[in-house]
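Numbering (the numbering used here), first residue to last: 1 to 304.
C-beta: ideal position from N, C-alpha, C; glycine also.
Below is one structure, written out as structure tokens; comments come after it.
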């Protein structure tokens, strides 16, 4: 009997311990009582009624990522391509998530595929390849509205890969190659143009420098010639001044020596001789000088 009581006590303790539940962070427990929704347990310590309550679902409240496989889609210009998407979502209402839809992830995957087909069907190939941001925004808005009754919030949708057909890829590669070659040719032409401009500018600057040097050289030559002419003029002026000074000194010396009028007239004759210098054929003499000449002739005869 004692063993039976001990066994019953131990069983009761185990049942009580099993009824104690601790909900960890970022999780929620959806509870049912007798098969009906009883409540949602948040983080903390909880106790359930034995044999009546049960945990219907443990819900993760963290943001989660769903990577869906590539889906075939057709563009507006009838090009078939494959696109795989990545959906970032978060459960906001554990009750709606539990009872709103069966197999929520499959529902989100199918909803993503149909929404993607609808959006790509209105775009051409080039628009599809260059409008990822627009497609992501439209898909996020459509999925967020559709999943709201399921207690799911779609935070972001990204197109992971866009895989066009092989022939389209080859055409795109050829186009990109041609574009790169064109850019290379343009870059080379621009480089040659800049080089020619630099050469022309260098030649222009060289010509300007040569002209400036020639100008400076001409200025220096002109200044040197001017200086030489000034010095020659100063020398000639100084020579004339010395000659005049010598003449003045000679006249002063004659005057100081007491020369009479006859001597002065003889000096005048010497001056006329210098004037003639053997070049003149006719010399006009003043009457006074003619008389002196006659006297000199008579004196010569008497002397003889």
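Spatial neighbours of residue 39 in its own chain (CB-CB distance under 7 Å, excluding positions within 5 residues in sequence) are listed in chain order as 31. Counted as a single uninterrupted DSSP element, the beta strand (DSSP E) harbouring residue 159 occupies residues 152–163.
In the DSSP assignment, residue 31 falls within the beta strand (DSSP E) that extends over 27–33.
Looking at the DSSP output, residue 89 bridges to 64, 154. Restricting attention to 222, 106, 85, 129, the CA atom closest to the CA of residue 79 is found in 129. Rounded to whole angstroms, residue 7 and residue 26 show a C-alpha spacing of 38 Å.
In this model, residue 70 and residue 133 are separated by some 18 Å (Cα to Cα).
When Cβ pairs closer than 8 Å are counted between the two stretches, the stretch 180–190 is seen not to touch the stretch 136–155, the count staying below three. Counting every other CB atom within 10 Å of its CB across the protein chains shown gives residue 5 a total below 16, marking it as exposed.
By the C-beta density criterion, residue 3 is exposed, having fewer than 16 other C-beta atoms within 10 angstroms.
Looking at 224, 213, 104, 198, the one whose alpha-carbon comes closest to that of residue 93 is 104. Around the beta carbon of residue 108, 16 or more other beta carbons sit within 10 angstroms, so the residue counts as buried. The stretch 150–159 makes contact with the stretch 79–90, as at least three CB pairs between them are under 8 Å. Shown here, residue 121 sits in coil according to DSSP, grouped into three states, outside any helix or strand. For residue 103, the secondary structure class from DSSP, reduced to helix, strand or coil, is coil. In the DSSP assignment, residue 9 falls within the alpha helix (DSSP H) that extends over 2–19.
In terms of Cα proximity to residue 169, the closest of 217, 10, 179, 81 is 81. By DSSP's assignment, residue 71 forms a beta bridge with 83. Going by DSSP, residue 51 is part of no beta strand (DSSP E) at all; its letter is neither H nor E. For the pair residue 74 and residue 117, the Cα-to-Cα distance works out to about 7 Å. CA-CA distance, residue 123 to residue 172, rounds to 18 Å. Boundaries of the alpha helix (DSSP H) harbouring residue 144: 132–147, taken from the DSSP string. Residue burial is scored here from C-beta neighbours: residue 139 has at least 16 other C-beta atoms within 10 angstroms and is therefore classed as buried. Short of 7 Å from the beta carbon of residue 156, and not among the five residues preceding or following it, lie these beta carbons of its own chain, in chain order: 88, 140. Between residue 21 and residue 62, the C-beta spacing is not below 9 Å. Counting only runs of 4 or more residues that sit fully inside the stretch 198–250, no alpha helix (DSSP H) segment turns up.
DSSP places residue 76 outside both helix and strand once states are collapsed to three, so it counts as coil. It is roughly 22 Å from the alpha-carbon of residue 17 to the alpha-carbon of residue 59. Cβ atoms of residue 9 and residue 24 stay farther apart than 8 Å, at about 30 Å. In summary, residue 142 is buried, with 16 or more beta-carbon neighbours lying within 10 Å of its beta-carbon over all protein chains present.
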